[in-house]
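Going line by line, the protein sequences match chains G and R. The first sequence begins at 0 in numbering that gives the first Met the number 0 and counts up by one. The second sequence begins at 0 in numbering that gives the first Met the number 0 and counts up by one.
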Amino acid sequence: MSTAPRQSAATRVTGARVPDEPTARPALVEIVDATVVLGGRTVWSGVGATIAPGEFVAILGPNGVGKSTLLKAVLGLVPLARGTVRLLGRPPGQANHDVGYLPQRRSFDASLRIRGLDVVRLGLDGDRWGLPLPGPRSRAAAARVRELVDLVGAGGYAHRPIGQLSGGEQQRLLIAQALARRPRLLMLDEPLDSLDLPNQAGVAALISQICRTEGVAVMIVAHDVNPILSYLDRVIYLGQGGAVSGTPGEVITAATLTRLYGTPIEVLSTSDGRLVVVGQPEAPALHTDRHPEHA
Amino acid sequence: MTGTFTWNLLADIRDMWAYDAMVNAFRAGTIVAVLAALVGWFMVLRRQSFAGHTLALVGFPGAAGAVWLGLSVTLGYFTFCLAAALVIAALRTGGRRGYSEESAVIGTVQAFALATGMLFVSLYKGFLNGTTELLFGAFTGITADQVTVLAGVAVVVLAVLAVIGRPLLFASVDTDVARAHGVPSRVLDTVFLLLLGAAAAEASQITGALLVFALLVLPPATAQLVTARPGRSLAVSVGLAVLVVWVALFVGYYSPYPIGFWVTTTAFGAYALTSVLTGRTRSIPRRAAA
Numbered sequence: 000m001s002t003a004p005r006q007s008a009a010t011r012v013t014g015a016r017v018p019d020e021p022t023a024r025p026a027l028v029e030i031v032d033a034t035v036v037l038g039g040r041t042v043w044s045g046v047g048a049t050i051a052p053g054e055f056v057a058i059l060g061p062n063g064v065g066k067s068t069l070l071k072a073v074l075g076l077v078p079l080a081r082g083t084v085r086l087l088g089r090p091p092g093q094a095n096h097d098v099g100y101l102p103q104r105r106s107f108d109a110s111l112r113i114r115g116l117d118v119v120r121l122g123l124d125g126d127r128w129g130l131p132l133p134g135p136r137s138r139a140a141a142a143r144v145r146e147l148v149d150l151v152g153a154g155g156y157a158h159r160p161i162g163q164l165s166g167g168e169q170q171r172l173l174i175a176q177a178l179a180r181r182p183r184l185l186m187l188d189e190p191l192d193s194l195d196l197p198n199q200a201g202v203a204a205l206i207s208q209i210c211r212t213e214g215v216a217v218m219i220v221a222h223d224v225n226p227i228l229s230y231l232d233r234v235i236y237l238g239q240g241g242a243v244s245g246t247p248g249e250v251i252t253a254a255t256l257t258r259l260y261g262t263p264i265e266v267l268s269t270s271d272g273r274l275v276v277v278g279q280p281e282a283p284a285l286h287t288d289r290h291p292e293h294a
Numbered sequence: 000m001t002g003t004f005t006w007n008l009l010a011d012i013r014d015m016w017a018y019d020a021m022v023n024a025f026r027a028g029t030i031v032a033v034l035a036a037l038v039g040w041f042m043v044l045r046r047q048s049f050a051g052h053t054l055a056l057v058g059f060p061g062a063a064g065a066v067w068l069g070l071s072v073t074l075g076y077f078t079f080c081l082a083a084a085l086v087i088a089a090l091r092t093g094g095r096r097g098y099s100e101e102s103a104v105i106g107t108v109q110a111f112a113l114a115t116g117m118l119f120v121s122l123y124k125g126f127l128n129g130t131t132e133l134l135f136g137a138f139t140g141i142t143a144d145q146v147t148v149l150a151g152v153a154v155v156v157l158a159v160l161a162v163i164g165r166p167l168l169f170a171s172v173d174t175d176v177a178r179a180h181g182v183p184s185r186v187l188d189t190v191f192l193l194l195l196g197a198a199a200a201e202a203s204q205i206t207g208a209l210l211v212f213a214l215l216v217l218p219p220a221t222a223q224l225v226t227a228r229p230g231r232s233l234a235v236s237v238g239l240a241v242l243v244v245w246v247a248l249f250v251g252y253y254s255p256y257p258i259g260f261w262v263t264t265t266a267f268g269a270y271a272l273t274s275v276l277t278g279r280t281r282s283i284p285r286r287a288a289a
């Protein structure tokens, strides 16, 4: 973000933390002045951000601003038009084995007859060619799957077909799947979407606990910051012309967001500590229909 | 095909297997049952039944065209089914992705294939009995050479499936995560369509183009109702398909009705029975907490 702004000054905001600043710990993810163009449309441009090991970071912004695309760009699933992305110091797509990725989705089809355990297991060795023959490796894999299922508290239902589980149960199993290979970074795309409020709170607490106890950094895409607000180290607020990052208190303010979006924005704080952002291009706290981001 | 049925089943089987045609039918039927049960299991999981159906139907113009040109019918089946698999794969990846918009493309291919088959049938005059066989099966006309070809193709298809099976399962259940793990899901899509084309071509030669589903869909669908464990489900699928073919050949031999009817009826009966039995024990999907 130290590079010259390409967009007008109104939409170009420098974050509270300067990413180029030399730090003691090397960054897990480093995004410098990145731009993504999909189907001739600029999704966002001039975005910069860094994620340090063990951090719990939320990517926020209105619907359609390209939050999922940011994750995909880091994974190398979406090409950059300009700028650079480094994941564990390597170009996108070359260090994905150190990342647990949970893409945005509604849920598994109710008729899918595959157990939750099998879905978790696929995260461990689903990319291996050849038959899974019985042996020490297979036993070790089964033990790891049991460990993961216990970690997310899914022991009571992991043996059931995943299509028959509730959204919250599926989400816990998918988090277990994403953790299968002991990643250093967990990328979660709207994991709380389509969950009811108690489940949102439960899954958010689980993610935070994993972040602390397993030492895994978390990048979580959310359109409502409130369920995760108390756990966050940092937020990255995304706009078309750039991104702002910093602590929630620094970033989710009327002044910062007004500068990011170039349109007057108010941030209201309720008595129980929830934040409500008013005046964004689309209200982020509303559960609108999910629209497909670019495949 | 009617033998004289007695209640001594062993004697009946010995009597039936005295005919080379029946022995070949059992061999070919078993090979095709194993192949269709395994490839079909992935097809059902991936919701590509319509593609499978179309690939099977494409066998009809393939075989009819081969007869008209005086070539080997087996060659006709494989050429057309594999070519159609490549066409569907190319048209699919031309679109964005996913199974939703592929149905219209596949329907187009299917309609064209059937029309071409009719053309070949009418170009080759006096083919009426053959048409019924191509559409509804020819269990008893199978030669030893055909059995060899069926076995050879089945071995190749199953070897490929064994190698790609696990990543294919991953890509079928969870495409985005599989891709992030480096699984080449697009390539696997195409390879699987080719395997499906080969399996459909094999099954068509036994059950006819229209009754392929008896082996390609019903045993895997039944197996997936029985268990949600992939390994066991595949084993149940194979066991069921083989059983269906054996029962149907046996009953068909001693009854005046066509074997294709018995294959389909046995498979359907097993599916219906299983869904009734499992439906009673399985609760309605819990969605309340979603």
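Glycine included, every Cβ here is placed at the ideal spot set by N, Cα and C.
Quiz prompt | For THR189/R, the nearest candidate out of THR3/R, THR5/R, MET42/R (CA to CA) | solution = As a first step, residue 189/R must be located in the second sequence, where it is residue number 190. The option with the nearest alpha carbon to THR189/R is MET42/R.
Practice problem: Going by DSSP, name the residue or residues bridged to GLY142/G. | Solution: Along the first sequence, one-based indexing puts residue 142/G at 143. Going by the sequence as given, residue 142/G is Ala instead of Gly. DSSP lists no partner for ALA142/G.
Quiz item: Exposed or buried, what is SER282/R when buried is set at 16 or more other beta-carbons lying within 10 Å of its beta-carbon?
Solution: Counted from its first residue, the second sequence places residue 282/R at position 283. In this predicted model, SER282/R has a pLDDT of only 46, less than 50, meaning its place in the structure is not dependable; the value taken from the coordinates is given anyway. Exposed.
Self-check item: Cβ contact check for the stretch 193-209 of chain R and the stretch 53-69 of chain R: 3 or more pairs under 8 Å
Solution: yes
Exercise. Can you tell me which of the three DSSP states ILE227/G falls into?
Key: Taking the first residue of the first sequence as 1, we reach residue 227/G at position 228. Note: ILE227/G maps to helix in three-state DSSP.
Practice problem: Starting from LEU267/G, follow its DSSP beta bridges and name the residues at the other end. | Solution: For the purposes of this step, residue 267/G is taken as the residue at position 268 of the first sequence. According to DSSP, which records beta bridges pairwise, LEU267/G is partnered with VAL275/G.
Quiz item: Is the CB-CB distance between ALA24/R and PHE138/R below 8 Å?
Solution: Residue numbering aside, residue 24/R sits at position 25 when the second sequence is read from its first letter. Residue numbering aside, residue 138/R sits at position 139 when the second sequence is read from its first letter. Yes, the Cβ-Cβ distance between ALA24/R and PHE138/R is below 8 Å.
Quiz item: Rounded to the nearest angstrom, how far is the Cβ of PRO229/R from that of GLY39/R, given a contact under 8 Å?
Solution: What you label residue 229/R is simply residue 230 of the second sequence in a count that begins at 1. What you label residue 39/R is simply residue 40 of the second sequence in a count that begins at 1. Wrong, their Cβ atoms sit about 14 Å apart, outside the cutoff.
Quiz item: Which partner residues of PRO89/G appear in the DSSP bridge assignment?
Solution: As a first step, residue 89/G must be located in the first sequence, where it is residue number 90. Checking the sequence, you will find Arg at residue 89/G rather than Pro. DSSP output for ARG89/G lists LEU86/G as bridge partner(s).
Quiz item: Between LEU59/G and ASP188/G, what straight-line distance do the alpha-carbon atoms span, to the nearest angstrom?
Solution: Counting from one through the first sequence, the residue named residue 59/G turns up at place 60. Counting from one through the first sequence, the residue named residue 188/G turns up at place 189. Each residue's Cα considered, the two are about 11 Å apart.
Exercise. State the Cα-Cα distance for the pair GLY238/R and ALA222/R, rounded to the nearest angstrom.
Key: To locate residue 238/R, count along the second sequence from 1; it is residue 239. To locate residue 222/R, count along the second sequence from 1; it is residue 223. Between GLY238/R and ALA222/R, the C-alpha separation is close to 9 Å.
Self-check item: Local conformation of ASP344/G per DSSP, three classes
Solution: In the structure as shown, chain G starts at 0 and stops at 294, and residue 344/G therefore has no counterpart that could be examined.
Quiz prompt | Distance between LEU90/R and GLU54/G (C-alpha atoms, nearest Å) | solution = Residue mapping note: residue 54/G aligns to position 55 of the first sequence, counting from 1. Residue mapping note: residue 90/R aligns to position 91 of the second sequence, counting from 1. The straight-line gap from Cα to Cα measures roughly 44 Å.
Exercise. Quick one: measure Cβ to Cβ for ALA32/R and LEU215/R, integer angstroms, because I've assumed they're closer than 8 Å.
Key: Residue numbering aside, residue 32/R sits at position 33 when the second sequence is read from its first letter. Residue numbering aside, residue 215/R sits at position 216 when the second sequence is read from its first letter. Between LEU215/R and ALA32/R the Cβ distance is about 10 Å, and since that is not below 8 Å, they are no contact.
Quiz item: For the ligand FMN, is there a heavy atom less than 7 Å away from the beta-carbon of ASP149/G?
Solution: Annotation note on the ligand FMN: not contained in the displayed structure, which lists no ligands.
Quiz item: Where do the N-terminal and C-terminal ends of the alpha helix (DSSP H) with ARG231/R fall, by residue?
Solution: What you label residue 231/R is simply residue 232 of the second sequence in a count that begins at 1. That run of the alpha helix (DSSP H) goes 229-253.
Self-check item: Own chain partners of VAL243/R with C-beta closer than 8 Å, once the 5 adjacent residues on each side are dropped
Solution: The residue labelled residue 243/R in the question sits at position 244 within the second sequence. Result list for VAL243/R: ALA32, ALA213, LEU214, LEU217, PRO218, VAL262, THR265, ALA266, ALA269, in chain order.
Self-check item: SER268/G to SER229/G span [Cα, whole Å]
Solution: Within the first sequence, numbered from 1, the residue matching residue 268/G stands at position 269. Within the first sequence, numbered from 1, the residue matching residue 229/G stands at position 230. Answer to the nearest angstrom: the Cα atoms are 14 Å apart.
Practice problem: State buried or exposed for LEU173/G, treating a residue as buried only when at least 16 other CB atoms are found within 10 Å of its CB. | Solution: Taking the first residue of the first sequence as position 1, residue 173/G is located at position 174. By the 10 Å Cβ count, LEU173/G comes out buried.
Quiz item: What residue range is occupied by the uninterrupted beta strand (DSSP E) comprising GLY99/G?
Solution: On the first sequence, position 100 is the one that residue 99/G refers to. 98-101 is the extent of the beta strand (DSSP E) around GLY99/G.
Quiz item: So what does DSSP say about VAL215/G, is it helix, strand or coil?
Solution: For the purposes of this step, residue 215/G is identified with residue 216 of the first sequence, where counting begins at 1. Coil at VAL215/G, not helix or strand.
Quiz item: Counting along the chain, where does the alpha helix (DSSP H) carrying GLU29/G start and finish?
Solution: Walking along the first sequence from the start, residue 29/G turns up at place 30. Segment 28-37 is the beta strand (DSSP E) holding GLU29/G; no alpha helix (DSSP H) there.
Quiz item: Who does ASP307/G pair with in a DSSP beta bridge?
Solution: For residue 307/G there is no data in the structure shown, the boundaries of chain G being 0 and 294.
Self-check item: Same chain only: Cβ atoms within 6 Å of GLY65/G, ignoring 5 sequence neighbours per side
Solution: If you number the first sequence from 1, residue 65/G lands on position 66. Hits under 6 Å: VAL42, TRP43.
Self-check item: Span separating the alpha-carbon of GLY167/G from that of SER254/R
Solution: Residue 167/G sits at position 168 when you count from the first residue of the first sequence. Residue 254/R sits at position 255 when you count from the first residue of the second sequence. Each residue's Cα considered, the two are about 55 Å apart.
Self-check item: Classification of SER244/G by the beta-carbon crowding that lies within 10 angstroms, buried from 16 upward
Solution: If you number the first sequence from 1, residue 244/G lands on position 245. It counts as buried.
Exercise. Run the CB neighbour count on GLN208/G, radius 10 Å, all protein chains shown included, and call it buried at 16 or more, exposed below.
Key: Residue 208/G sits at position 209 when you count from the first residue of the first sequence. Exposed, by the Cβ-count rule.
Practice problem: Would you mind stating whether VAL234/G and ILE251/G have Cβ atoms separated by less than 8 Å? | Solution: Here residue 234/G is taken as the residue at index 235 of the first sequence, counted from 1. Here residue 251/G is taken as the residue at index 252 of the first sequence, counted from 1. Yes; because the gap between Cβ atoms is below 8 Å, this pair is in contact.
Exercise. Return yes when the Cβ of ILE50/G is within less than 8 Å of the Cβ of VAL84/G, no when it is not.
Key: Here residue 84/G refers to the residue found at position 85 when the first sequence is read from its first residue. Here residue 50/G refers to the residue found at position 51 when the first sequence is read from its first residue. No; because the gap between Cβ atoms is not below 8 Å, this pair is not in contact.
Quiz item: Interface residues of chain G around LEU168/R at Cβ under 9 Å?
Solution: Reading the second sequence from its first residue, position 169 is the one you call residue 168/R. Residues of chain G passing the Cβ test: ILE113, ASP117, LEU121, GLY125.
Exercise. For ASN95/G, go through chain R and note every residue whose CB falls closer than 8 Å to its CB, in chain order.
Key: If you number the first sequence from 1, residue 95/G lands on position 96. Near ASN95/G (Cβ distances below 8 Å), the residues of chain R are ALA179, HIS180, GLY181.
Practice problem: Give the secondary structure of ARG183/G by DSSP, where H, G and I count as helix, E and B as strand, and everything else as coil. | Solution: If you number the first sequence from 1, residue 183/G lands on position 184. Correct three-state label for ARG183/G: coil.
Quiz item: Near ARG95/R, what residues of its chain come up, given a Cβ to Cβ distance below 8 Å and the 5 sequence neighbours on each side ignored?
Solution: By 1-based counting over the second sequence, the position of residue 95/R is 96. Here ARG95/R scores only 47 on pLDDT, less than 50, and its place in the model should not be relied on; the value that follows carries that caveat. Cβ within range, chain order: n/a, list empty.
Exercise. Grab me the residues of THR131/R's own chain with a C-beta within less than 6 Å of its C-beta, minus the 5 sequence neighbours each way, in chain order.
Key: Within the second sequence, the letter at position 132 stands for residue 131/R. Result list for THR131/R: empty, nothing under 6 Å.
Quiz item: Taking the alpha carbon of GLY69/R as the point to measure from, which residue in PHE111/R, VAL182/R, LEU8/R, PHE119/R has its own alpha carbon closest?
Solution: Taking the first residue of the second sequence as 1, we reach residue 69/R at position 70. The shortest Cα separation from GLY69/R among PHE111/R, VAL182/R, LEU8/R, PHE119/R belongs to PHE119/R.
Practice problem: Determine the direct distance from the alpha carbon of THR73/R to that of VAL108/R, and round the result to whole angstroms. | Solution: Locating residue 108/R in the second sequence gives position 109, where the first residue counts as 1. Locating residue 73/R in the second sequence gives position 74, where the first residue counts as 1. For VAL108/R and THR73/R, the distance between alpha carbons rounds to 21 Å.
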